[in-house]
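FYI, in UniProt numbering the residues of the sequence shown are 1 to 337. All C-beta atoms, glycine included, are put in the ideal place defined by N, C-alpha and C. In what follows, a single structure is set out as structure tokens and then discussed.
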Amino acid sequence: MTQTITVIRGDGIGPEIMDATLHVLDAMKLGLAYEEADAGLVALEKHGDLLPQATLDSISRNKVALKSPLTTPVGGGFSSINVQLRRHFDLYANVRPATSFPNTRSRFTEGVDIITVRENTEGAYTAEGQETAPDGSWAVSITRNTRKGSERIVRYAFDLARSTGRKKVTVVHKANILKSTSGIFLNAARDVAKEYPDIECNEMIVDNCCMQLVMRPEQFDIIVTTNLFGDIISDLCAGLIGGLGLIPGANIGKDAAIFEAVHGSAPDIAGKGVANPCALLLGAAQMLDHIGMADRATQLRAAIVATLEAKDSLTPDLGGTGTTMSFAKAIAGRVAA
Ligand code: NAD
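Given below as structure tokens:
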């Protein structure tokens, strides 16, 4: 049966990198069908709604979406569309691989191969209970972590280690200070780890983890952590390997999964045709893994690496003079159909 993917072209550079990504996927002759759906500013303009019901219905139906970045308007009471999508579909696992690539402007063009598994639905990132004193003299917010939410993300990380042949999971926390919220996560992680005696598990406090990542990133394999720490750590990992243009993110739930680039809609370069399409292409590779086409995902990643190695049509963020589409065409020329 043909697999249908919900395709969200998004805002800013979104349509440009989506065109590039679909060009490469088409060259691979994967037999996928696409169903276009709107979200973000473009949806607000067309339908008066940042996240129309038709888009939610499309994702519910197809269970898999490939999504370009979305712009959430600042102010006006708009809440993040990405956070809304994660909540609506309970996409609890945010999986962000950071791998060294050749010929990037990076400190580490080899030796980094880290997957950050970030809890995606609770913790300090949810903006729960935001309150500021009328005179601006104090502010509070609520951080809520649950045993169930902690267990399921840690279990996801260990299962991912097993299914991908990885050997080690590092649990990153701040339970020495945040004794309740980070403590519940750490205790759950310790208990879940006992179910996976074949996978090495260590613990690291988040500040030390940041230093270790910069000094000796090769010691990390899979990192599992809470929402806000995962947000920061995965960007740190992006910085290690050459920037946001090279990091994809999978948002995985029980009933749906959304694959994307980690970066935003980059309004500063939108419409210029110079955005690096690699992050969304790598998100598409995660999607192929997810829908049972792991061998095609491997081909796609290999074509990206080969194009970087050949310095063929690289975009300006990678030091080249290529365009989004010329880079995509160079990658498409290296994928076996
Ligand atoms: P951004 O990631 O869009 O841009 C940060 C910097 O990185 C910019 O200089 C940009 O030009 C560069 N950059 C980003 N992607 C690139 C690419 N593929 N190739 C080359 N350079 C690239 O972050 P921002 O400027 O803070 O956010 C802009 C908008 O994106 C905001 O509205 C924000 O809400 C939204 N956003 C969306 C998502 C998402 O949909 N997943 C994620 C982050 C930010």
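Cβ-Cβ distances below 6 Å link Gly10 to Gly40, Ser68, Pro69 and Leu70 in the same chain, with the five nearest sequence neighbours on each side left out; the list follows chain order. In terms of side-chain proximity, the C-beta atom of Asn251 is found no nearer than 7 Å to any non-hydrogen atom of the ligand NAD. Straight through space, the alpha carbons of Asn145 and Phe185 are spaced by roughly 7 Å.
For Asp57, the closest C-alpha among the options Ala302, Phe89 and Gly243 is that of Phe89.
Residue Arg190 holds the alpha-carbon nearest to the alpha-carbon of Ala175 among Arg166, Lys167 and Arg190.
Nearest in C-alpha terms to Ala270, of all of Thr324, Thr226 and Ala285, is Thr324. Between the segment 204 to 217 and the segment 247 to 263 there are fewer than three inter-stretch CB-CB distances shorter than 8 Å, so the stretches are not counted as touching. Ile223 is bridged by DSSP to Thr116 and Thr170. Distances taken from the Cβ of Ser265 to the heavy atoms of the ligand NAD include one shorter than 7 Å. Put simply, of Ile304, Thr104, Lys46 and Gly14 the residue whose alpha carbon is nearest the alpha carbon of Val262 is Gly14. DSSP places Gln3 outside both helix and strand once states are collapsed to three, so it counts as coil. Runs of the beta strand (DSSP E) spanning 3 or more residues and lying entirely within the segment 30 to 69 occur at 33 to 36 and 64 to 67, in chain order. Boundaries cannot be given for Thr71, as no beta strand (DSSP E) includes it and DSSP labels it neither H nor E. Ala193 and Val154 have their alpha carbons spaced roughly 8 Å apart. Within 7 Å of the C-beta of Ala275 there is at least one heavy atom belonging to the ligand NAD.
When DSSP states are grouped into helix, strand and coil, Ile184 belongs to the helix group. With a beta-carbon spacing of about 32 Å, Ile241 and Ser141 fall beyond the 8 Å limit used to define contacts. Between the C-alpha atoms of Ser137 and Gly129 there is a straight-line separation of about 17 Å. The beta carbon of Asn227 sits no closer than 7 Å to any heavy atom of the ligand NAD. The three-state reading of DSSP puts Arg96 in strand, counting E and B together. Excluding five sequence positions before and after Asp312, the CB atoms of its chain that fall closer than 6 Å to its own CB belong to Ala330, given in chain order. Excluding its 5 nearest sequence neighbours in each direction, Thr72 has C-beta neighbours in its own chain below 8 Å: Gly40, Leu50, Phe78, Ser79, Ser80, Ile81 and Asn82, listed in chain order.
Pairing Phe101 with Ala297, the inter-Cα distance amounts to about 16 Å. For Thr146, the distance from the CB to the nearest heavy atom of the ligand NAD is not below 7 Å. DSSP, read as helix, strand or coil, puts Thr143 in coil.
By the Cβ rule, the segment 217 to 229 counts as touching the segment 111 to 125, because three or more pairs are nearer than 8 Å. The closest heavy atom of the ligand NAD lies less than 7 Å from the beta carbon of Ala279.
If you draw a straight line from the Cα of Ile17 to the Cα of Val214, it comes to about 29 Å. Scanning its chain for C-beta atoms nearer than 6 Å, with the 5 sequence neighbours on each side dropped, one finds around Ala285 the residues Ala297, Leu300 and Arg301, in chain order.
Under the three-state reduction of DSSP, Thr121 is assigned to coil, being neither helix nor strand.
Counting of Cβ neighbours within 10 angstroms places Ala54 among the exposed residues, the total staying below 16.
Residue nearest to Ser60 within the set Gly48, Asp317, Glu45 and Ala37 is Ala37 (criterion: CA-CA distance). For Gly283, no beta strand (DSSP E) segment is defined; the enclosing uninterrupted segment is the alpha helix (DSSP H) at Cys278 to His290. Rounded to whole angstroms, the gap between the alpha carbons of Ala275 and Pro248 is 14 Å.
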